[in-house]
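A short write-up of the structure that comes next.
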Amino acid sequence: MKKVYFYATCLGTAAMQDTILNALKLLRREGVEVIFKKKQTCCSQPSFNSGYFKESKEIALYNVNLFDEPYPIVVPSGSCAGMMSHDYLELFKDDVHFEKVKNFSQRVIELSQYLDEVLNVEYEDKGESIKITWHSNCHALRVQKSIDANKNLIKRLKNVELIPLEFEEECCGFGGTFCVKEPEISNAMAKSKIKDIQNSGAKYLVSADGGCLLNISGTMQKMGLDVKAIHLYDFLNKRLQGESL
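Each residue of the sequence shown is one higher than the one before, starting from 6 at the first, in my numbering.
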């Protein structure tokens, strides 16, 4: 039996608990033993992006020491996975702990990559035929490079048609602390993204990033739109169970 650590992320534990449970179900249905460390904390990306490198290194080392056994560290977020597998190396490049951090970072993998590339899962789509569109999270696209794996899981669903956005790779304006520091610019970017979503004609927007989904769905609700935003791992679980969205 394969054994992995599961890193739930701050957003997952604080605001998207059902998504975390669905992510765990996707692993368990493949017979994977999941180890969940209760004392896990932030990946340090918010502080890293804000220039607090000393504090970020303290958090990173805490994570490195917490996930100490040589198991893969599965993360249901391209942002957090990208921080832990790539940005940690930049953070510690001239540090005495670099080799220890490197060993940790090499074990980090985004959940879709683990399901697609390691387990090569087979899915039976029990849902009705629907059309969806997809938003690519910036960090997942450019750092963790997990978007192909995200989409490969969707391609396994025979009753789902994926309609590409014209500007799929454009940022939605969330950007972690960016939306707090630059709310007007962030809101304009979100509305631009939503216009693209509307033009696709799809009634469901799927993404593998909680922050982007909160930003986009919150803005769509304020605009009174009938497009539903749903996390990839919630979407997959519902399709496999034959549940309505």
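Just so it is clear, CB atoms sit at the ideal spot from N, CA and C, and this is done for glycine as well.
When the Cα of residue i is compared with those of the options, which residue comes out closest?
i: Ala65; options: Thr46, Gly83, Glu38; result: Thr46
i: Asn155; options: Val80, Lys59, Thr224, Val101; result: Val80
i: Val232; options: Leu218, Ala213, Leu245, Tyr238; result: Leu218
i: Asp92; options: Gln149, Leu167, Tyr12, Asn157; result: Gln149
i: Met228; options: Cys48, Lys42, Phe240, Lys198; result: Lys198
i: Gly247; options: Phe97, Asn220, Asn164; result: Asn164
i: Asn142; options: Leu158, Asn242, Ala193, Gly215; result: Gly215
i: Ile237; options: Pro169, Gly180, Cys177, Ser117; result: Sequence check: residue 237 is Leu here, not Ile. Among Pro169, Gly180, Cys177, Ser117, the Cα nearest to that of Leu237 belongs to Ser117.
i: Asp73; options: Gly223, Ile190, Met6, Tyr10; result: Tyr10
For residue i, report the span of its beta strand (DSSP E) as first-last.
i: Ser212; result: 209 to 212
i: Val113; result: 113 to 115
i: Lys233; result: 233 to 236
For the putative contact between residue i and residue j, defined by C-beta atoms under 8 Å, what is the C-beta separation to the nearest angstrom?
i: Thr138; j: Leu210; result: 6 Å
Return the first residue and the last residue of the alpha helix (DSSP H) that residue i is part of.
i: Glu248; result: No alpha helix (DSSP H) contains Glu248, which DSSP labels as neither H nor E.
i: Met6; result: No alpha helix (DSSP H) holds Met6; DSSP gives it neither H nor E.
i: Tyr93; result: 93 to 96
i: Gly215; result: 215 to 228
*4-residue-minimum alpha helix (DSSP H) runs that sit fully inside the stretch 8 to 85, ordered along the chain*: 15 to 20, 22 to 33, 50 to 54, 58 to 71
_beta strand (DSSP E) runs contained entirely in the stretch 123 to 156, provided each spans 3 or more residues_ = 135 to 139
*asked:* Could you tell me which whole alpha helix (DSSP H) segments of length 4 or greater appear in the stretch 163 to 202?
replied: 183 to 186
*Is there contact between the stretch 127 to 138 and the stretch 106 to 113, where contact requires at least three CB pairs shorter than 8 Å?*
no
*Would you call the stretch 12 to 26 and the stretch 90 to 109 in contact, with 3 or more CB pairs under 8 Å?*
no
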